[in-house]
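Colleague: Residue numbers (our numbering): 524 to 764. Where a beta carbon is used, it is the ideal one built from N, C-alpha and C, also for glycine. Just so you know, these numbers come straight off a predicted model, no measurement behind them. Mind having a look at this structure? Questions to follow.
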């Protein structure tokens, strides 16, 4: 019977991490600079002409969310965390502040948005979930519950990473629009926003269940098996006589 190489899983994890990191950096490099110019004409999103605060809220959202997007992958690097916990903690604090600021700004950006009510609701849901998962992650690490902290951070970064998948779905939607002329940009944008949230949440939960929780269960079974063996060994010679 053939067995998989012990390094296969490790290579797969590093490949997925690399794709996540590269795509996060690429989207941050694309999405943030237009808002640093201070010119609403450079915005990647339609600006509400009746609300001067709209562009300002987008700027206040884009910069910290871009920073959180780039920092996130580093926080999942086990070697970095093990070798320099101080760097991990400092980066974590920067990530936390960035998400809080980006969430507050996202609430106002959604309020002034001209992308339609369904998209507004999606951004409100995203903002609430973003803050809730962050609060849970912070609460767990303060209590020393490291495994639960990691689980909540996976959920939180899945929402941060919606900035990446949103753009993927937008590209797919615009390609589909060539075949389905009845689709409007608003339809595509709204569907992409909701998909980027919901699909990311599902993927995160799949990874948590089949990765972290399954791994923990295997370790518990191994420890239980080892304990049973050590208990049985002293009596392996049978009763005297």
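I'd like the span of the alpha helix (DSSP H) that includes residue 679, first residue to last.
Modeller: 669 to 683
Colleague: To the nearest angstrom, report how far apart residue 636 and residue 642 are at their CA atoms.
Modeller: 9 Å
Colleague: State the DSSP-derived secondary structure class of residue 710, mapped to helix, strand or coil.
Modeller: helix
Colleague: Would you grab the beta carbon distance between residue 622 and residue 683 for me? Rounded to a whole angstrom, and I think it's under 8 Å.
Modeller: Yes, residue 622 and residue 683 are in contact; Cβ-Cβ is about 7 Å, under 8 Å.
Colleague: Name the two residues that bound the continuous alpha helix (DSSP H) containing residue 584.
Modeller: Counting along the chain, the alpha helix (DSSP H) containing residue 584 begins and ends at 576 to 598.
Colleague: Span of the alpha helix (DSSP H) holding residue 557?
Modeller: Taken as a continuous stretch (DSSP letters only), the alpha helix (DSSP H) holding residue 557 covers 556 to 559.
Colleague: For the alpha helix (DSSP H) that residue 608 lies in, which residues bound it at each end?
Modeller: 608 to 635
Colleague: Please report the residue range of the alpha helix (DSSP H) in which residue 645 lies.
Modeller: 640 to 665
Colleague: Buried or exposed, going by whether 16 or more other CB atoms sit within 10 Å of the CB of residue 585?
Modeller: buried
Colleague: On the three-state DSSP scale, how would you describe residue 506?
Modeller: Because the chain in this structure spans residues 524 to 764, residue 506 falls outside the shown range and cannot be described.
Colleague: Would a C-beta distance cut-off of 8 Å place residue 661 and residue 603 closer than the cut-off?
Modeller: no
Colleague: Rounded to whole angstroms, what's the CA-CA distance from residue 573 to residue 699? Just pull it up for me.
Modeller: Here the C-alpha atom of residue 573 lies approximately 32 Å from the C-alpha atom of residue 699.
Colleague: In terms of alpha-carbon separation, which member of 614, 577, 583, 588 lies closest to residue 597?
Modeller: Selection 614, 577, 583, 588 evaluated against residue 597 yields 614 as nearest (Cα-Cα).
Colleague: Under 8 Å between the Cβ atoms of residue 583 and residue 624?
Modeller: yes
Colleague: Taking the Cβ atom as the reference point for each residue, do residue 654 and residue 663 lie within a distance shorter than 8 Å?
Modeller: no
Colleague: Can you tell which of 540, 630, 591, 703 has its C-alpha closest to the C-alpha of residue 555?
Modeller: 591
Colleague: Using a Cβ-Cβ cut-off of 6 Å (strictly less than) and excluding sequence neighbours within five positions of residue 569, which residues of its own chain qualify?
Modeller: 637
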